[in-house]
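As structure tokens, the structure follows; a few thoughts come after it.
In structure tokens:
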């Protein structure tokens, strides 16, 4: 057990591309805990695209991280000291303790988890925020009907991979969009999508016409930019677009101009931006279903694991560039 | 009674701006009617932005007008000959008999109207398709709550003027966007909006900040383009955007690129494209409410009336350029 805490702080706000020098890694003493608090040794840190927004001062749905503060992030770990009645030493917990080895909590938003059947890290992926995001966005906003075609971008990622697998379970045609042949092979062969388009081949419109010959009823959007624009040309009347992310735009200094807005009107499309934390009431049902599908082998997942907290910044930069393959984690122990 | 029919045909598909030479005006014999048909002398023709889409071959929600066919359009008129059991000579009717003095109908989509309390022309405006559009878009998609701020573009137009007045009736702050000081004065002084911004002044962002100091909860979109982009920067969390039209784009050869798509995500906005004919089930309630508000003097309207069928093309071109003031009609009698 390390006697020191290691933390990754936001050193400055990035302009355009995030750089490792936007972060600062510091060693600090282990924090003391007061009555009602507990200390958690984090085992895994989750890296997620939303963190890019928290690095900016721009208005967003959540508070920015201040310069000099520990970067925010989801974590799983184990309680190592407790003066909180609800948690005891040895408990496994999932929460938002940030980019650091140890975190102090008063129990707020900290959840005790059962790791007997499900690996600890899965609580940051399919059984965590990304899994709930896929479930709520697809089921509640996308409302897929059997026989419809569901397209999802960033299809090999933590959210997209679950979206397509749920679409299949619900009787839809699932088409992924991903970057590179390896990801596409994985999406089709391992995850069981009907098709996956490698957007890096530069033929997205033609490939979409082939992969979604009856048009697109639900487009689960994670990326934005020119991919979004091209998908809009293939939407069916009364299509739905759960707008979950715009990762292609997060580093952009000048945002992409979306041209095919007319498709939203002509096709009477419902587009809804959403943040999964607005839908906490739906999480229990999401995890009940996903947990069941995991046990039945109907949902699979993959993790990209960076080793050591000092590698978190580089792994995060890689995530924004699509270098991860499945859920991006940092192993902290 | 004219013994000849005069019709406006689509002569060719416009490229960019519509021109009068895209139309052809012809004189034809009065049509005979068969059993089950009736002949209507049209009194007013409605000119509406959607007609621009029908002139194009591009995929849209409705069939294009073929070259050489009579332009489609809503009309009100009077039955002058009938071999249809449901209509007799002298009945006033509203329907879609197109850009012509006389139209034959088998009764499909033709509705007998009561002109005792409401002027005939109103059935092409507040008590017709534009009124239903305003009602359905605002009430069903916009779902305004008392105290919220509703912004509507093309605010002096047939749809926009009703949107803002309903917003006021529902206890909202109503802010219009229109082109020019005369329209803005009308929107505030006569229609009773709380504010109206003249976008031609080129300070839309600043003026919106002043006119909607608590942000925008509902944006009823009729125009698209840079106005849409600017409004997106002022949307509140959980805002709604009924997407009714994109008139600024209909003549565009290269569509405007919408930059602030990120606002839809960050603010978890629900945007829904809609066409009022998909919501026929809602029309009776719309007209019951609007009819009541008209009688109570709570809804006002204005008409721009072009004289004579031969002036329909120029009036339509003016409509696309925002030269009308209120509902654009052509008087045919």
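Protein chains in written order, with this note's numbering: chain G, 1 to 333; chain L, 1001 to 1333.
Backbone N, C-alpha and C fix where the C-beta goes; we use that ideal spot for every residue, glycine too.
Residue range of the alpha helix (DSSP H) that residue 162 of chain G falls in?
In the first chain, residue 162 of chain G corresponds to position 162, counting from 1. Start and end: 160 to 169.
query: Would residue 29 of chain G be called buried (16 or more neighbouring beta carbons within 10 Å of its own) or exposed?
result: Here residue 29 of chain G is taken as the residue at index 29 of the first chain, counted from 1. Burial call: exposed.
| request: Would you decide whether residue 22 of chain G is buried or exposed? Buried here means 16 or more other CB atoms lie within 10 Å of its CB. | output: Start at 1 with the first residue of the first chain, and residue 22 of chain G comes out as number 22. Residue 22 of chain G should be labelled buried.
Per the DSSP calculation, residue 198 of chain G is bridged to which residue(s)?
Against the first chain, residue 198 of chain G aligns to sequence position 198. G/178.
| task | Using a cut-off of 7 Å between C-beta atoms, extract the partners of residue 1259 of chain L located in chain G. | result | Along the second chain, one-based indexing puts residue 1259 of chain L at 259. Those within 7 Å of residue 1259 of chain L in chain G are 255 and 257.
So if DSSP puts residue 328 of chain G in a beta bridge, which residue, or which two residues, is it bridged to? As a working mapping, residue 328 of chain G is identified with position 328 in the first chain. Bridge partners of residue 328 of chain G: G/304.
(message) Counting only C-beta atoms, is residue 23 of chain G closer than 7 Å to chain L at any point?
(response) Counting from 1 along the first chain, the entry for residue 23 of chain G is found at position 23. No, residue 23 of chain G lies away from the interface with chain L (no Cβ there is under 7 Å from its Cβ).
Below-7 Å beta-carbon distance, residue 1061 of chain L vs any chain G residue:
Along the second chain, read from residue 1 onward, the residue named residue 1061 of chain L stands at position 61. Chain G, which has a Cβ nearer than 7 Å to the Cβ of residue 1061 of chain L, makes this yes.
Rounded to the nearest angstrom, what separates residue 1277 of chain L and residue 199 of chain G at their Cα positions? Looking up residue 1277 of chain L in the second chain gives position 277. Looking up residue 199 of chain G in the first chain gives position 199. Going by the C-alpha atoms only, they are around 37 Å apart.
If you draw a straight line from the alpha carbon of residue 315 of chain G to that of residue 47 of chain G, how long is it in whole angstroms?
Here residue 315 of chain G is taken as the residue at index 315 of the first chain, counted from 1. Here residue 47 of chain G is taken as the residue at index 47 of the first chain, counted from 1. The straight-line gap from Cα to Cα measures roughly 8 Å.
So that I know if they touch, is there some Cβ in chain L lying closer than 7 Å to that of residue 268 of chain G? Start at 1 with the first residue of the first chain, and residue 268 of chain G comes out as number 268. Yes, residue 268 of chain G counts as interfacial toward chain L.
Could you name the residues of chain G that residue 1157 of chain L contacts, counting a contact when the two beta carbons are closer than 8 Å? Here the question's residue 1157 of chain L lines up with position 157 in the second chain. Simply none; closest approach about 16 Å.
(request) Determine the burial state of residue 1083 of chain L: buried for a count of at least 16 other Cβ atoms within 10 Å of its Cβ, exposed for fewer. (result) Sequence index remark: in the second chain, residue 1083 of chain L carries index 83 (1-based). Residue 1083 of chain L should be labelled exposed.
Run of the beta strand (DSSP E) containing residue 77 of chain G, from where it starts to where it stops
One-based indexing of the first chain puts residue 77 of chain G at position 77. Counting along the chain, the beta strand (DSSP E) containing residue 77 of chain G begins and ends at 75 to 82.
In chain order, what residues of the same chain have a beta carbon less than 6 Å from the beta carbon of residue 131 of chain G, not counting five sequence neighbours either side?
As a first step, residue 131 of chain G must be located in the first chain, where it is residue number 131. Non-local C-beta neighbours of residue 131 of chain G in its own chain, meaning closer than 6 Å and more than five positions away in sequence, comprise 162 and 290, ordered along the chain.
| query | Would you say residue 1274 of chain L reaches chain G, if we count a Cβ-Cβ gap shorter than 7 Å as a contact? | reply | Position 274 of the second chain, counted from the start, is the residue given in the question as residue 1274 of chain L. Chain G, which has a Cβ nearer than 7 Å to the Cβ of residue 1274 of chain L, makes this yes.
Task: Buried/exposed call for residue 1 of chain G, threshold 16 Cβ in 10 Å - done: Here residue 1 of chain G is taken as the residue at index 1 of the first chain, counted from 1. In this predicted model, residue 1 of chain G has a pLDDT of only 49, less than 50, meaning its place in the structure is not dependable enough to derive any value.
*Could you tell me whether the Cβ of residue 320 of chain G comes closer than 7 Å to any Cβ of chain L?*
For the purposes of this step, residue 320 of chain G is taken as residue 320 along the first chain, with counting starting at 1. Interface with chain L (7 Å Cβ-Cβ cutoff): residue 320 of chain G is excluded.
With DSSP run on the structure shown, which of helix, strand or coil describes residue 1311 of chain L?
By one-based count along the second chain, residue 1311 of chain L stands at place 311. Reduced to three states, the DSSP call for residue 1311 of chain L is helix.
* To do: Could you work out which residues of chain G lie near residue 1048 of chain L, taking near to mean beta carbons separated by less than 7 Å?
  => Position 48 of the second chain, counted from the first residue, corresponds to residue 1048 of chain L. Correct list: empty, because the minimum Cβ distance to chain G is about 14 Å.
> What is the DSSP secondary structure of residue 1 of chain G, counted as helix, strand or coil?
Replying inline: On the first chain, position 1 is the one that residue 1 of chain G refers to. Any reading at residue 1 of chain G is ruled out, since the residue's pLDDT is 49, under 50, leaving its predicted position unreliable.
Let me check one thing: in DSSP terms, what residues is residue 44 of chain G bridge-paired to? Counting from 1 along the first chain, the entry for residue 44 of chain G is found at position 44. Beta-bridge pairing links residue 44 of chain G to G/76 and G/331.
Cβ atoms of residue 146 of chain G and residue 171 of chain G: under 7 Å apart, would you say? In the first chain, counting from the first residue as 1, residue 171 of chain G sits at position 171. In the first chain, counting from the first residue as 1, residue 146 of chain G sits at position 146. Yes, Cβ-Cβ distance for residue 171 of chain G and residue 146 of chain G is below 7 Å.
*Own chain, CB closer than 7 Å to residue 299 of chain G, minus 5 neighbours either side, in chain order*: Counting from one through the first chain, the residue named residue 299 of chain G turns up at place 299. Excluding positions up to five away in sequence, the list reads 126, 162, 165, 290 and 293.
Subject >> the segment 1217 to 1229 of chain L: positions lying closer than 7 Å to chain G by Cβ >> reply: 1224
**Message:** Less than 7 Å between C-beta atoms, sequence neighbours within five positions excluded: which residues of the same chain meet that for residue 50 of chain G?
**Reply:** Counted from its first residue, the first chain places residue 50 of chain G at position 50. Excluding residues within five positions, none has a Cβ falling inside 7 Å.
- Where do the N-terminal and C-terminal ends of the beta strand (DSSP E) with residue 1105 of chain L fall, by residue? Position 105 of the second chain, counted from the first residue, corresponds to residue 1105 of chain L. Where residue 1105 of chain L is concerned, the enclosing beta strand (DSSP E) stretches over 1102 to 1105.
Touching or not, the segment 1140 to 1159 of chain L and the segment 1186 to 1204 of chain L, by the rule of three or more beta carbon pairs under 8 Å? yes
* **Integer-rounded CB distance, given that residue 1111 of chain L should sit under 8 Å from residue 273 of chain G** => For the purposes of this step, residue 273 of chain G is taken as the residue at position 273 of the first chain. For the purposes of this step, residue 1111 of chain L is taken as the residue at position 111 of the second chain. 39 Å between Cβ atoms; not a contact.
Item checked: Contacts of residue 1249 of chain L in chain G (Cβ-Cβ under 9 Å) -> Locating residue 1249 of chain L in the second chain gives position 249, where the first residue counts as 1. Those within 9 Å of residue 1249 of chain L in chain G are 261 and 262.
List the endpoints of the continuous alpha helix (DSSP H) containing residue 1022 of chain L.
By one-based count along the second chain, residue 1022 of chain L stands at place 22. Careful: residue 1022 of chain L lies outside any alpha helix (DSSP H) and carries neither H nor E.
* Asked: So which residues of chain G does residue 1271 of chain L contact, with C-beta pairs closer than 7 Å?
  -> Counted from its first residue, the second chain places residue 1271 of chain L at position 271. The contacting residues are 264 and 271.
Strictly under 7 Å for the Cβ-Cβ distance: is residue 280 of chain G near chain L by that measure? Position 280 of the first chain, counting from 1, holds the residue named residue 280 of chain G. Chain L, which has no Cβ nearer than 7 Å to the Cβ of residue 280 of chain G, makes this no.
Short of 7 Å in beta carbon distance, which residues of its chain neighbour residue 1332 of chain L, apart from the five on each side in sequence? Order them along the chain. What you label residue 1332 of chain L is simply residue 332 of the second chain in a count that begins at 1. Excluding positions up to five away in sequence, the list reads 1042, 1043, 1044, 1045, 1101 and 1309.
Starting from residue 1242 of chain L, trace the beta strand (DSSP E) in both directions and tell me its first and last residue. Position 242 of the second chain, counting from 1, holds the residue named residue 1242 of chain L. That run of the beta strand (DSSP E) goes 1235 to 1243.
Item to check | Within chain L, partners of residue 243 of chain G - CB distance below 7 Å | outcome: For the purposes of this step, residue 243 of chain G is identified with residue 243 of the first chain, where counting begins at 1. Here the neighbours are 1264 and 1265.
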